[in-house]
Structure formats: C-alpha cells, structure tokens
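Below: the structure, in structure tokens.
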Amino acid sequence: MQPSEISGLQYIVPSNPSPYSVPAFELSRFSNPLHNLYIPPQLQEIISPHPSCINNSTSDEADEQQLCVINERKQRRMISNRESARRSRMRKQRHLDELWSQVVWLRNENHQLIDKLNHVSESHDKVVEENVQLKEEASQLRRMLSDVQLTSPYSPLTDLEHALADN
C-alpha cells in the first residue's frame, strides 16, 4: 500500500448525535453512485445474492456458499433459456409469416394459371369444332366436284388430251 492511499476511515460515533451529524447509513448512499438506481423487484431477486450466500468461513457455510453459487447459475441459466425460447418463438413466427406469404402468392399464381388453362381449353375446343366443320365442307366440296365431273359430257382426261394436242 502506498503512503498516500487510505485503507479505511475510522471515527467515533458520539453517544448523543447532534441534529447536524449524518448517520452512517446516509453516508453509504453518497459513496455508492448506483444507490438511487431503481431495479425492479423481480430483477433484484435474481441479481442480489441470496441471504445465505454471504461469504462466511466455516465448512458448512462454504457448502452453503457453493449451493448458493449453483442456485445463482441455475437462475441465470433459466433466464437465458427463457430468452432463447423467446428468440426461437420469434424466429418460428417470422418463418410462419414468410410461409403464409408464400402460400398466398402461390394460390394467386395457381388461380392465374387455372384461368389461362381454361382459356386455352376453350380455344382448343373452338378449334376442334372449326376443324370438324372444315372437314365436312371439304367432304361436301369433293362430292360436289365428283358429281359435276360425272354429269359433265367432257371427262377431265379428254380435256387434258386436247390441251396437249394443241401444243
């Protein structure tokens, strides 16, 4: 210890304190800057050591001190586990929200694809109907052509022979 350091302050308490003297418990308030800091009772219970955790020197008290340390660790672990569980629930909720968003998007896409499929199916049906009509018309035109050729006095081969002979 350096000569300029103070290891303690000793004073004599008068038997008749004057109204101007400050009691010792009041002095401790000024020496500790965190004295006026408000700590909620639930947190005080966790932070402050258990009354049986005060440092004592006997072996029973050492065992009690060890139990106290174990209990404090359990308490901290319990708080840590609660926070971890809360973060896990928040992550799961975020993931669930993302999945619901995807469900909504996929349902919308599905409805659009169904609408397109219905439109293409209707167009296909119309094309099939038109194709049937065109085949019927082609068949009728062939019949008409063959009827015309049968009733005509000139056969198509004789016309071709005349055309070749003229050349």
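Its first residue numbered 18, the sequence shown is counted upward by one per residue in this note's numbering.
Ideal Cβ positions, reconstructed from N, Cα and C, are used throughout, including at glycine.
What you are looking at is a predicted structure, and each value in this text was computed from that prediction instead of being measured.
Buried versus exposed call for residue i [16 or more other C-beta atoms within 10 Å across all chains shown]
| i | result |
| --- | --- |
| Gln150 | exposed |
| Ser169 | exposed |
| Gln82 | buried |
| Asn72 | Any reading at Asn72 must be qualified, since the residue scores a pLDDT of 49, below 50, and its modelled position is unreliable; no value is offered. |
Residue i - containing alpha helix (DSSP H), residue span
| i | result |
| --- | --- |
| Ser76 | 76-168 |
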